[in-house]
Each structure stands twice: as structure tokens, then as C-alpha cells.
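Working notes, beginning with the structure itself.
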Amino acid sequence: MTRKVKALGIMGGTFDPIHYGHLVTAEGARCTFGLSQVLFVPSGRPPHKEGAQVTDAEHRYMMTVLATLTNPYFEVSRTEIDRVGVSYTIDTLRILREQYGPDVELFFITGADAIFDIVSWKDSSRCLEMAHFVAATRPGFSLEHLPEATRQWVAGHKERFHILQVPAMAISSTEIRERVREGVSIRYLVPEPVEHYIRRQGLYKQTLPPSQENSAN
Ligand code: ATP
Ligand code: MG
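Residues in the sequence shown are numbered from 106 upward in steps of one, following the working numbering.
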């Protein structure tokens, strides 16, 4: 990476698998906030998905690399998957701040659904001090219907909290996994190399045992 990064987008997620909803959101944030780079950070062991079934981190990392290869502004980080234990956003922000130095502005990008439980994130206010938060619109999750405590929290941090309108993609990884399991096409929901990878590796064909692996806040 030779380009000087002034504003860094951080797109965290389980990416199980990565799909066009993630990509359109990251690209929307890049264009709107003039980001020099968007770093996709596949989760290690996610606090909100503990006990859930999550695919091996190396598969999720590889699919994220394949999906982002053709965008020169997109990079993938192993920060969370190489870390032992549960990954919290606050820890990732601290690590990236150290890696990128004090001058870079950080923009943490999430979908609207992630905002609903933001008050329960570890050190959520400190996260907002370290990074701008970008909440992207997502079909099925209206930011007008936030719980009262969350609404107040957002209002208290409004200089650092940005709502981003992105083209509506009613896609979720959950639905993609179900489609694969049921033998239904996922073409045009994920980039072609990801579709091929899923097929070659035989991912999502069956229900996994409750997991050892996976992402966080
Ligand atoms: P799952 O169904 O397994 O929870 P997901 O589709 O929600 O998967 P995640 O990896 O959980 O994908 O999401 C990573 C980030 O991308 C989250 O901040 C989430 O809100 C956001 N995101 C996911 N899908 C979309 C979408 N279709 N539009 C906008 N944001 C999205
Ligand atoms: Mg999700």
C-alpha cells in the first residue's frame, strides 16, 4: 500500500459470505466521505454471534479478498481474525489507529441494523471519540424506529454520527446461506468469484455445528 491514507473507512462484518450489500455500502461511504481507502475487517469471534454457526475465518477472509480485488480503494485486514478471543470494535479501532498513525481520520461503516444495539457495544462512546460512525440505510431496518435509549445516544453524538443513503439491497448473508443450502441460485447477489469459491469449497451445504469460530463489537 503506497497511497497516503488520510481518511480510512473501516467496514467490519462477519462476511459469511460477503455480498453486494456490503460492497455497495463501502463504495457509497468511500465516495460520500472522500475516503482514501476502505478496509474490510472480517470478524474473528463476534460478541453478538457467540454460539452462532459461523464459517471458518479463512474462508470468510478469502471470499472478502476475492470480492474486493477489482476495487483499488478496497483492502482486507486480518486484524480481527488473527486475534485470539472475542473481537470488539474498540480494540480494532485502537489497533488501526496505531497502524495508521494519529493523522488519519477513521470512519467506521455499519448498516442500519447494527445501530439498533450500539448502546450495548463495549465502550460505545469511546468508539465514537475514535472514529466517525456511518450508518448506511438497509431495507428492513428504519433508523426512524430506534429504541429510545439508542435515539438519545445518537442525538448525544450527532457530530460524529452520519446517516448514509445507499442503493437499497435487500440481501443478507443469512439468506445467501439458506439459498445455497436449498440449491437456489445466488447469482447476482454475490460477486462471481465468491459464487465460484462457495461452490468449489462446498460451503453452506449443511447446517454447521454450533461454532468455535467467529466476529464482534
Ligand atoms: P448475517 O445475515 O449473517 O447477519 P449480513 O448480511 O447482516 O449477514 P454482516 O456480515 O452481518 O452481513 O454485516 C456486516 C455489515 O454490513 C453490518 O454493519 C451490516 O449492517 C452491513 N450490511 C449487511 N448487509 C447490508 C445491506 N444489504 N445493506 C446495507 N448494509 C448491510
Ligand atoms: Mg448481520
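Note that the Cβ used here is the ideal one computed from N, Cα and C, for glycine as well. Remember, it's a predicted structure, so these values are computed and weren't measured experimentally.
Distances from the CA of Ser-148 to each of Ile-186, Val-159, Ala-236, Cys-232 were compared; the closest alpha carbon is that of Ile-186.
Between the ligand MG and the CB of Asp-218, the shortest heavy atom gap is smaller than 7 Å. The three-state secondary structure of His-124, taken from DSSP, is coil. Secondary-structure assignment with DSSP links Thr-215 through a beta bridge to Ala-240. At a Cβ-Cβ threshold of 8 Å, Thr-279 and Gly-216 do not count as neighbours. Distance from the C-beta of His-237 to the nearest heavy atom of the ligand ATP is not below 7 Å. Relative to the non-hydrogen atoms of the ligand ATP, the Cβ of Ser-278 comes within a distance shorter than 7 Å of at least one. With a cutoff of 8 Å on beta-carbon distance, Met-235 and Gly-126 are scored as not near each other. For the pair Thr-169 and Val-181, the CB atoms are nearer than the 8 Å cut-off.
DSSP places Ala-273 outside both helix and strand once states are collapsed to three, so it counts as coil.
Cβ atoms of Phe-212 and Ala-134 come within 8 Å of each other, at about 6 Å. Ser-290 counts as exposed, since fewer than 16 other C-beta atoms from the protein chains shown sit within 10 angstroms of its C-beta.
In the DSSP annotation of this structure, the continuous segment of the beta strand (DSSP E) that includes Gly-117 starts and ends at 112-118. Annotated three-state conformation of Pro-147 is strand, per DSSP. Asp-121 is the residue among Gly-117, Leu-113, Asp-121 whose C-alpha sits nearest the C-alpha of Tyr-302. Spanning the alpha carbons of Val-239 and Ile-214 requires a straight line of approximately 5 Å. In this structure, the straight-line span from the alpha carbon of Ser-230 to that of Arg-202 is close to 16 Å.
The criterion of a C-beta distance shorter than 8 Å is not satisfied by Leu-294 and Val-209.
CA-to-CA, the gap between Arg-282 and Gly-288 works out to about 10 Å. Secondary structure of Arg-304 (DSSP, three-state): helix. Short of 7 Å from the beta carbon of His-124, and not among the five residues preceding or following it, lie these beta carbons of its own chain, in chain order: Ile-276, Ser-278, Ile-281, Leu-294, Val-295.
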